[in-house]
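**Student:** The structure's right below; bear with me while I get my questions together.
Protein chains in written order, with my numbering: chain A, 1 to 367; chain B, 1001 to 1367.
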């Protein structure tokens, strides 16, 4: 089912800053905007994915694996942004291509991403793990995707975490990426996070006492619930997340369609009911015991009442609350700064064992 | 003397792709475009430089030197792009700030930039050297700035070279950055390149037989002449360079003002004569003996006749000629791909000792 809209897809895109910060080339974004009238958004990005793949194959043949990895990562991101606004056959076509291209990129990334083939409740669940320099054991951060983002898209954020001496782990949970065909969005995401904790604890190069979780957007909801339900998690970041979906009516039409799609239901009303039940976390937030970092932008469509909920339910001594007065959803519009802040906080908590400093930061370009 | 123009500075900027690829934040560029009407371009960027500097100081106090280095590097770039379109008091104010901020960033970069205080013919000439992982000795690449770019701006390209196992060295020559007050643009840039070769050969961690030079824009002209005159250089890249200034009349008004400024003359006619004499390389190009890589964009204001000159004067067995049919000046509009290509070529020649492959590459997003 296609969503009809008077807007061109690029106008509906939540945030060009997101694409840039996640690694999409500015020149490719300009190319998408200025593409010929007979080339669709989907085809533009899918063709570009294939061109990057060809470049990567040429680079592999010449022994230039670093560049090959970069090109395949770019290709995978192109496939992601080809599909992410539609719910018809383009969706699965783009998703499958993204998965395929990332899998080719994984061993060529620096550091490489090791693929572990988990099976949880009979469902195959590949997990990618990347390690920083040195023999370890290292702290590790499990990174959670969101409503339409998946394990393939956290590459740039992973690099910031890796540079600070922590391993990273990514996977798709219910309703996401490779798991979507097996399981829709559900109220038990934390079970899958815990399966990754099991995996990491079994790896010699990981410090079992220093495993954190970081989730973005919907992943920030999953991160809160995962950390509340899993005592082995030693740090939690909710990056543009939310505690509940009481604010359904504030969601954009496209986002509501997206909720319906990942819920595998026929109507928006069913979607509303399903996600409202599945994404409730308030009953467990009081169980949060590890250092917890909340990043929220005042201009996010997630209402500011979320901050009140957090202040009500999370113990102040474990809470670092960052509310950016100029920030949009996930603060993608603020550049690298909020990401560096999160990476440094993880380093403080997981690498250096420091107690987190409660802070509210942000600076205004026009002061 | 201020240049008056009906265009806003951001319209005159050669290429936003350049800013992004050199490390300016997309969000800061958007902020510059959308800044309040009473904030000048210069003040916007200079204020932002100070804000990044404050963030860096906060990070240093917290022990987060990696982020501090990033913020100071961002601050230095902000100061660069504050001043780069003017030739009045803003010019030296912005330049001085850029130098100061980069000097603070240098020890915090990853890997750090070591400052060496050379003096050449009585002129102080600081050189920054960065080394890749491992004890070495490593090949090294001397990077040359251009008409208004300096040793502080090649950070992102340095990182690509470092990741491939080569050290980097940067400095300001006649007419550039810190040397401008002591010496205007002159016909002997190669003397200063050779002084850096002397320095590098004296460093234990550098392989004296594997030192290359890479210059961008006007630096691409200097690179050609440096390599033609300095037999110890083992590789040369001219990135958006030129062999001569026969095409003066094709230059934009702002670029002509810039030539006049760095020549320290009073009229455009004097500037034309001075740079025409100083930047002639055709008489020495036949002496080029090391592998030489030329990157040229068909849409560069440097005319395509430059390619004919290269084909006439440079021996085919040492030449890799890359002409990008969609490329603008320095091919900044093509994203990371041309930069990866140059970094890989340097790796082939300097690290792996491979003979360069003559190639002409490029792909079209709309094929």
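Backbone N, C-alpha and C fix where the C-beta goes; we use that ideal spot for every residue, glycine too.
1. Quick one: what's got a C-beta closer than 6 Å to residue 287 of chain A's C-beta in the same chain, skipping five residues either side?
2. Along the chain, which unbroken stretches of the beta strand (DSSP E) at least 3 residues long are found entirely within the region 1237-1314 of chain B?
3. Classify residue 348 of chain A as helix, strand or coil using the three-state DSSP reduction.
4. Between which residues of its own chain and residue 1271 of chain B is the CB-CB distance below 6 Å, once the five residues before and five after are set aside?
5. Taking contact to mean at least 3 C-beta pairs separated by less than 8 Å, is the region 119-131 of chain A in contact with the region 66-73 of chain A?
6. Restricting to runs no shorter than 4 residues, where is the alpha helix (DSSP H) found entirely within the region 176-206 of chain A?
7. Rounded to a whole number of angstroms, what is the C-alpha to C-alpha distance between residue 1296 of chain B and residue 147 of chain A?
8. For a cutoff of 8 Å on Cβ pairs, would you count residue 344 of chain A as touching chain B?
9. In whole angstroms, what separates the C-alpha of residue 41 of chain A from that of residue 221 of chain A?
10. So which of A:25, A:67, A:33 and A:79 has the shortest CA-CA distance to residue 49 of chain A?
11. Against residue 340 of chain A, what residues of chain B qualify as contacts under a CB-to-CB distance less than 7 Å, listed in chain order?
12. Which chain B residues sit within Cβ distance under 8 Å of residue 17 of chain A?
13. With a threshold of 7 Å on Cβ separation, who are the neighbours of residue 1155 of chain B within its own chain once the five nearest residues in sequence on each side are excluded?
14. Quick one: which residues of the region 158-170 of chain A get their C-beta closer than 7 Å to a C-beta of chain B? List them in chain order.
15. Taking CB distances under 8 Å as the criterion, tell me whether residue 1020 of chain B reaches chain A.
16. Three or more beta-carbon pairs under 8 Å between the region 168-179 of chain A and the region 130-144 of chain A, yes or no?
17. Taking 8 Å as the cut-off, decide whether the C-beta atoms of residue 1243 of chain B and residue 1281 of chain B are in contact.
18. Applying a beta-carbon distance threshold of less than 7 Å, which residues of chain B neighbour residue 333 of chain A?
19. So residue 1130 of chain B is in the beta strand (DSSP E); what residue range does that whole segment cover?
20. Can you tell me whether residue 1065 of chain B is helix, strand or coil according to DSSP?
21. Would residue 1064 of chain B pass as an interface residue toward chain A - the criterion being a Cβ-Cβ separation below 8 Å?
22. Take residue 323 of chain A and list the residues in its own chain whose beta-carbon comes closer than 7 Å to its own, dropping the five residues that flank it on each side.
23. Inspect the beta-carbon positions of residue 1187 of chain B and residue 1329 of chain B and report whether they are closer than 8 Å.
24. Quick one: what's got a C-beta closer than 8 Å to residue 136 of chain A's C-beta in the same chain, skipping five residues either side?
25. Would residue 94 of chain A and residue 46 of chain A qualify as a contact pair, given that the criterion is a beta-carbon distance under 8 Å?
26. Nearest CA to the CA of residue 1114 of chain B: which residue from B:1346, B:1054 and B:1199?
27. Can you pull the chain B neighbours of residue 217 of chain A, defined as C-beta to C-beta under 8 Å?
28. Mind checking which residues open and close the alpha helix (DSSP H) that includes residue 1143 of chain B?
29. Restricting to Cα atoms, I'd like to know which of A:66, A:275 and A:313 is closest to residue 285 of chain A.
30. Any idea what DSSP makes of residue 1101 of chain B, helix, strand or coil?
31. Please name the residue in A:212, A:15 and A:334 whose C-alpha comes closest to that of residue 349 of chain A.
32. How is residue 1024 of chain B classed by DSSP in three states: helix, strand or coil?
**Tutor:** Well, looking at it:
1. 228
2. Those beta strand (DSSP E) runs which fall completely within the region 1237-1314 of chain B and span 3+ residues are 1292-1297.
3. helix
4. Excluding sequence neighbours, residue 1271 of chain B sits near 1259, 1260, 1263 and 1265.
5. Too few Cβ pairs lie closer than 8 Å, so no.
6. 189-201
7. 43 Å
8. yes
9. 30 Å
10. A:79
11. Going along chain B in sequence order, the residues near residue 340 of chain A (Cβ under 7 Å) are 1067 and 1070.
12. 1026, 1027 and 1030
13. 1023 and 1073
14. Of all residues in the region 158-170 of chain A, 163 and 164 have a Cβ within less than 7 Å of some Cβ in chain B.
15. Taking Cβ atoms only, chain A reaches closer than 8 Å to residue 1020 of chain B, which makes this a yes.
16. Using a C-beta cut-off of 8 Å, the region 168-179 of chain A makes contact with the region 130-144 of chain A, since at least three inter-stretch Cβ pairs fall below that distance.
17. yes
18. 1027
19. Segment 1123-1130, the beta strand (DSSP E) holding residue 1130 of chain B.
20. helix
21. yes
22. Counting only Cβ-Cβ distances below 7 Å, and skipping sequence neighbours, we find 296, 298, 307 and 360.
23. no
24. 167, 204, 205, 206 and 207
25. yes
26. B:1199
27. Near residue 217 of chain A there are no residues of chain B at all, since even the closest Cβ is about 18 Å away, more than 8 Å.
28. Bounds of any alpha helix (DSSP H) do not take in residue 1143 of chain B; it lies within the beta strand (DSSP E) bounded by 1138-1144.
29. By alpha-carbon distance to residue 285 of chain A, the top candidate from A:66, A:275 and A:313 is A:313.
30. helix
31. From the listed residues A:212, A:15 and A:334, the smallest Cα separation to residue 349 of chain A is found for A:212.
32. coil
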